[in-house]
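2 protein chains.
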Amino acid sequence: MKKYCFGVDVGGTTIKMGLFDTEGNVLDKWEIKTRTENGGENVLPDIAKAVEEKISEKNIAKDEVAGVGLGVPGPVDSKGIVHRCVNLGWDVFNVNEKLNALLDLPVMAGNDANVAALGEMWKGGGQGYDSLVVVTLGTGVGGGIILEGKMLTGATGAGGEIGHIHVADGEPEPCGCGNHGCLEQYASATGIVRLANRRLENNTDPTVLVKGNCSAKDVWDAVKAGDAVAIEIAEQFGKYLGEGLAAIAGVVNPEAFVIGGGVSKAGDVLLSYVEKNYKPVVFHASRDVKFTLATLGNDAGIFGAAKLVLG
Amino acid sequence: MKKYCFGVDVGGTTIKMGLFDTEGNVLDKWEIKTRTENGGENVLPDIAKAVEEKISEKNIAKDEVAGVGLGVPGPVDSKGIVHRCVNLGWDVFNVNEKLNALLDLPVMAGNDANVAALGEMWKGGGQGYDSLVVVTLGTGVGGGIILEGKMLTGATGAGGEIGHIHVADGEPEPCGCGNHGCLEQYASATGIVRLANRRLENNTDPTVLVKGNCSAKDVWDAVKAGDAVAIEIAEQFGKYLGEGLAAIAGVVNPEAFVIGGGVSKAGDVLLSYVEKNYKPVVFHASRDVKFTLATLGNDAGIFGAAKLVLG
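So the protein lines, in turn, are chains A and B. At position 182 of the first sequence the residue is numbered 182 (the working numbering), and the sequence of numbers has no breaks. At position 287 of the second sequence the residue is numbered 287 (the working numbering), and the sequence of numbers has no breaks.
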């Protein structure tokens, strides 16, 4: 009888670890350092050691453990093969097999954004839906797609990489990916700041926003205070993101969009600008999709990893 | 031991039927009329009768038949529930259960575009791939998406309805769906004619194309003959479709795009305009996706329906 599982979120500097019961309650939560030297050869042994220690500390019988789920920062195919995780120094190998050999427990690995989406479906803002798109608005724009309860992995592990959908022609600055006009260039925290600085160039309209010295949070705070210039910027943001999400809905026809990441702390006002620009252009079959906020924050990864191995 | 199955493609005027062996060879192929009167109440009984007659004609034992697959012209969820098929007069009911009750054979129904995509994967232009997007350029733009061998159905049965992705702002004419600026308005046969007529308005450049009197085929024939105006139109078409497909790749990260429908008879030259506009804007993980032409034509539906029930 399985009673426990581990959810692990592997980042470039820390590895978040969670011990769960099979209902999804967190029994313990801790972090270890990510040792990336020598091609990240210590990462999996460190995780194995941490799991073994926790099993021993908690007096858990190993056969009560359903397994270990992992979110890793890079493309992972449905068999657990990673295709280079630059942040960890990893090359190409099968994570499931390698960690299983160290621990003698079932292991399931997935891309961290997809795994986090699974977490939001299971215990976060996406509860009650089994087909959803989780959009993470942070420094960049990330995404994870769940269809009928399963992660959309993609042929080369890049399913749900929605930050690099082309949404604007004629963008002079390059995106981090090398293209021009990606969604991430307008809807991330840095994207909103870019939109703000562009709007504030030679601006003579009254506003609390200061060119070259405003954050995404400043923009949203000003929107909430009724600042007309900030509202224009929010409209632009909403048009890029709302139309981008409408295109995504035209492809996968989800039940819900769950918006997370630092930028989403602006809350419902942000959703309102997205929905307003989404509805007029989306195909009618997806017009009544739900827009909600993510609720698990940085814990989405460990929850999703646990769910991944529980199946 | 199952040796046979039936693939059925239900259209608004005719129902295409195929008897297959389980390897996917067509043993017989025929059509019956679609009787849409009285809410389409005769459609499933007519199909059941046609199947029973064929079984009897061919001296097949019923327990050698794996089942009957169906493509229907409207949204179908993964359990076989149709949500109104306007062309058939159907309301909301479970097709799988209803036809199973008439025939005592396993039945699996799917949306016709998704089912046709499954056919192209199995025996058509998508052979060798299990994650692909089939794009049908006809009077409208249809689509079907297969991920890891399974149809992407969508929450309300509208997965892969890519013709209504918003690709242009400021379009004055409405799309059939009521929105403005849908992909279908530029990349379908009628869309290409619209692009042509707009380009030919007040045109003084030399061209064989005549405003108000050219078909999509005329445009592509002129492109092949080196007509500079036609080439401009093909560039516009390629930009709308190429960028649209790049957005789709950013969502589902497929192995291949398979282009079918009447417009695709233009052949490789059409693919070249699409690929050329796709590559600069797509996320690098999907840059090397394959572009191929559909090969099954109007038979894609019966092949896909057979594959659907074979699993």
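The beta-carbon is built from N, C-alpha and C at its ideal position, and this holds for glycine as well.
- Message: Suppose you measure from the CA of Ala256 (chain A) to the CA of Arg194 (chain B); what does that come to, to the nearest Å?
- Response: Counting from one through the first sequence, the residue named residue 256 (chain A) turns up at place 256. Counting from one through the second sequence, the residue named residue 194 (chain B) turns up at place 194. Roughly 35 Å separates the two Cα atoms.
- Compute the distance between the beta-carbons of Leu200 (chain A) and Ala230 (chain A), then report whether it is under 7 Å. Working through the first sequence from its first residue, we reach residue 200 (chain A) at position 200. Working through the first sequence from its first residue, we reach residue 230 (chain A) at position 230. Cβ atoms of Leu200 (chain A) and Ala230 (chain A): not closer than 7 Å.
- Which listed residue (B:Ser215, B:His164, B:Ala228, B:Asp46) has its alpha carbon closest to that of Thr204 (chain B): On the second sequence, residue 204 (chain B) is found 204 positions in, with the first residue counted as 1. Among B:Ser215, B:His164, B:Ala228, B:Asp46, the Cα nearest to that of Thr204 (chain B) is on B:Ala228.
- chain A partners of Val252 (chain B), CB-CB under 9 Å? As a first step, residue 252 (chain B) must be located in the second sequence, where it is residue number 252. Per Cβ cutoff of 9 Å: Ile145, Leu152, Gly154, Ala155, Gly159, Gly160, Val251, Val252.
- Task: Determine, using beta carbons only, whether Ser264 (chain A) comes closer than 7 Å to chain B.
- Result: If you number the first sequence from 1, residue 264 (chain A) lands on position 264. Taking Cβ atoms only, chain B never reaches closer than 7 Å to Ser264 (chain A), which makes this a no.
- Within the 7 Å Cβ cut-off, does His83 (chain B) reach chain A? Numbered from its first residue, the second sequence carries residue 83 (chain B) at position 83. It does not; no Cβ of chain A falls within 7 Å.
- Determine, using beta carbons only, whether Lys293 (chain B) and Ile259 (chain B) come nearer to each other than 7 Å. What you label residue 293 (chain B) is simply residue 293 of the second sequence in a count that begins at 1. What you label residue 259 (chain B) is simply residue 259 of the second sequence in a count that begins at 1. For clarity, residue 293 (chain B) is Leu in the given sequence; the question names Lys instead. Their beta carbons are under 7 Å apart, which means Leu293 (chain B) touches Ile259 (chain B) by this criterion.
- Item | The beta strand (DSSP E) enclosing Thr136 (chain B), as first and last residue numbers | For this step, residue 136 (chain B) is matched to residue 136 along the second sequence. Residues 132-137.
- Query: alpha helix (DSSP H) containing Arg39 (chain B): first to last residue?
  - Reply: Taking the first residue of the second sequence as 1, we reach residue 39 (chain B) at position 39. Checking the sequence, you will find Gly at residue 39 (chain B) rather than Arg. Its alpha helix (DSSP H) spans residues 37-40.
- Message: As a quick exercise: from B:Met1, B:Gly140, B:Gly18, pick the residue whose alpha carbon is nearest that of Gly7 (chain B).
- Response: Counted from its first residue, the second sequence places residue 7 (chain B) at position 7. Here the closest residue by C-alpha is B:Gly18.
- Could you tell me how far apart the beta carbons of Val82 (chain B) and Val76 (chain B) are, in whole angstroms, since I believe they sit closer than 8 Å? For the purposes of this step, residue 82 (chain B) is taken as residue 82 along the second sequence, with counting starting at 1. For the purposes of this step, residue 76 (chain B) is taken as residue 76 along the second sequence, with counting starting at 1. 5 Å between Cβ atoms; contact.
- Message: Under 7 Å, Cβ to Cβ, is there at least one residue of chain C near Ser131 (chain B)?
- Response: Protein chains A and B are contained in the structure displayed, whereas chain C is not.
- Item | Residue from B:Gly142, B:Met151, B:Thr139, B:Val141 with nearest C-alpha to Leu132 (chain B) | One-based indexing of the second sequence puts residue 132 (chain B) at position 132. Closest by alpha carbon: B:Met151.
- Task: Would you give the residue range spanned by the alpha helix (DSSP H) that Phe291 (chain A) belongs to?
- Result: Your numbering for residue 291 (chain A) matches position 291 in the first sequence. Per DSSP, Phe291 (chain A) belongs to no alpha helix (DSSP H); it is in the beta strand (DSSP E), 290-293.
- Query: Within this structure, are the beta carbons of Gly71 (chain B) and Asp9 (chain B) separated by less than 7 Å?
  - Reply: By 1-based counting over the second sequence, the position of residue 71 (chain B) is 71. By 1-based counting over the second sequence, the position of residue 9 (chain B) is 9. Yes, these two residues count as a Cβ contact at 7 Å.
- Which residues mark the beginning and the end of the alpha helix (DSSP H) in which Tyr273 (chain B) is found? By one-based count along the second sequence, residue 273 (chain B) stands at place 273. Where Tyr273 (chain B) is concerned, the enclosing alpha helix (DSSP H) stretches over 268-278.
- Message: Against chain B, with Cβ distances strictly below 7 Å, would Val281 (chain A) count as a contact?
- Response: Your numbering for residue 281 (chain A) matches position 281 in the first sequence. Cβ-Cβ to chain B under 7 Å: yes for Val281 (chain A).
- Are the Cβ atoms of Tyr273 (chain A) and Ala234 (chain A) separated by less than 7 Å? Translated into positions along the first sequence, residue 273 (chain A) becomes position 273. Translated into positions along the first sequence, residue 234 (chain A) becomes position 234. Result yes, Cβ atoms of Tyr273 (chain A) and Ala234 (chain A) sit closer than 7 Å.
- Task: Establish whether the CB of Ile165 (chain A) and some CB of chain B are separated by less than 7 Å.
- Result: For the purposes of this step, residue 165 (chain A) is taken as the residue at position 165 of the first sequence. Yes, its Cβ sits closer than 7 Å to a Cβ of chain B.
- Using the C-alpha atoms, what's the distance from Val135 (chain B) back to Gly119 (chain B)? As a working note, residue 119 (chain B) is residue 119 in the second sequence. As a working note, residue 135 (chain B) is residue 135 in the second sequence. Whole-angstrom Cα-Cα distance: 13 Å.
- Using the beta-carbon of each residue, which ones in chain B are nearer than 7 Å to Glu120 (chain A)? Here the question's residue 120 (chain A) lines up with position 120 in the first sequence. The contacting residues do not exist; Glu120 (chain A) stays about 16 Å from chain B at best.
- To the nearest angstrom, how far is it from the Cα of Thr13 (chain A) to the Cα of Leu245 (chain A)? Here the question's residue 13 (chain A) lines up with position 13 in the first sequence. Here the question's residue 245 (chain A) lines up with position 245 in the first sequence. Each residue's alpha carbon lies about 31 Å from the other.
- Message: Using only CA atoms, which one of B:Cys175, B:Ile15, B:Asn42, B:Glu23 lies nearest to Ile32 (chain B)?
- Response: Stepping through the second sequence from its first residue, residue 32 (chain B) is reached at position 32. The candidate whose alpha carbon is nearest that of Ile32 (chain B) is B:Ile15.
- Query: Residues of chain A with CB under 9 Å from Ile60 (chain B), in chain order?
  - Reply: Translated into positions along the second sequence, residue 60 (chain B) becomes position 60. None at all; the shortest Cβ gap to chain A is about 34 Å.
- Report yes if the CB atom of Ile145 (chain A) is closer than 7 Å to the CB atom of Ala247 (chain B), and no otherwise. Along the first sequence, one-based indexing puts residue 145 (chain A) at 145. Along the second sequence, one-based indexing puts residue 247 (chain B) at 247. No, the pair does not count as a contact, with Cβ atoms beyond the cut-off.
- What does a CB cutoff of less than 6 Å around Asn87 (chain B) pick up in its chain, not counting 5 residues either side in sequence? Here residue 87 (chain B) is taken as the residue at index 87 of the second sequence, counted from 1. Closer than 6 Å at Cβ, skipping near neighbours: Gly12, Pro73.
- Task: Less than 8 Å between the CB atoms is what I'm expecting for Lys79 (chain B) and Asn94 (chain B), so what's the real figure, rounded?
- Result: Start at 1 with the first residue of the second sequence, and residue 79 (chain B) comes out as number 79. Start at 1 with the first residue of the second sequence, and residue 94 (chain B) comes out as number 94. Right, their Cβ atoms sit about 7 Å apart.
- Query: Alpha carbon to alpha carbon, what distance is there between Val167 (chain B) and Leu183 (chain B)?
  - Reply: Sequence index remark: in the second sequence, residue 183 (chain B) carries index 183 (1-based). Sequence index remark: in the second sequence, residue 167 (chain B) carries index 167 (1-based). Distance between the alpha carbons of Leu183 (chain B) and Val167 (chain B): 6 Å.
- Item | Extent of the continuous beta strand (DSSP E) run through Asn179 (chain A) | For the purposes of this step, residue 179 (chain A) is taken as residue 179 along the first sequence, with counting starting at 1. Counting along the chain, Asn179 (chain A) sits inside no beta strand (DSSP E), nor does DSSP assign it H or E at all.
- Item | For Met1 (chain A), the first and last residue of its enclosing alpha helix (DSSP H) | Looking up residue 1 (chain A) in the first sequence gives position 1. Premise fails: Met1 (chain A) is in no alpha helix (DSSP H) and is neither H nor E.
- Item | Distance, Lys123 (chain A) Cα to Val26 (chain A) Cα | What you label residue 26 (chain A) is simply residue 26 of the first sequence in a count that begins at 1. What you label residue 123 (chain A) is simply residue 123 of the first sequence in a count that begins at 1. Looking at the two C-alpha atoms, the distance is approximately 11 Å.
- Between the Cα of Asn114 (chain B) and the Cα atoms of B:Asp104, B:Thr153, B:Leu102, which residue gives the shortest distance? Within the second sequence, the letter at position 114 stands for residue 114 (chain B). Nearest option by C-alpha distance: B:Thr153.
- Using a Cβ-Cβ cut-off of 6 Å (strictly less than) and excluding sequence neighbours within five positions of Ala48 (chain A), which residues of its own chain qualify? Here residue 48 (chain A) corresponds to residue number 48 of the first sequence, with the count starting at 1. The answer, listed in chain order, is Leu102, Leu103.
- Message: Applying the 10 Å Cβ sphere with the 16-neighbour rule, what's the burial state of Pro174 (chain A)?
- Response: Against the first sequence, residue 174 (chain A) aligns to sequence position 174. Flag for Pro174 (chain A) reads exposed.
- Pair within 7 Å by beta-carbon distance, Glu161 (chain A) and Phe291 (chain B): Taking the first sequence and counting its residues from 1, one reaches residue 161 (chain A) at position 161. Taking the second sequence and counting its residues from 1, one reaches residue 291 (chain B) at position 291. Their beta carbons are not under 7 Å apart, which means Glu161 (chain A) does not touch Phe291 (chain B) by this criterion.
- Message: Can you check which of these residues, B:Leu241, B:Tyr240, B:Arg198, B:Asp218, is closest to Pro172 (chain B) by C-alpha distance?
- Response: Sequence index remark: in the second sequence, residue 172 (chain B) carries index 172 (1-based). Nearest C-alpha to Pro172 (chain B): B:Arg198.
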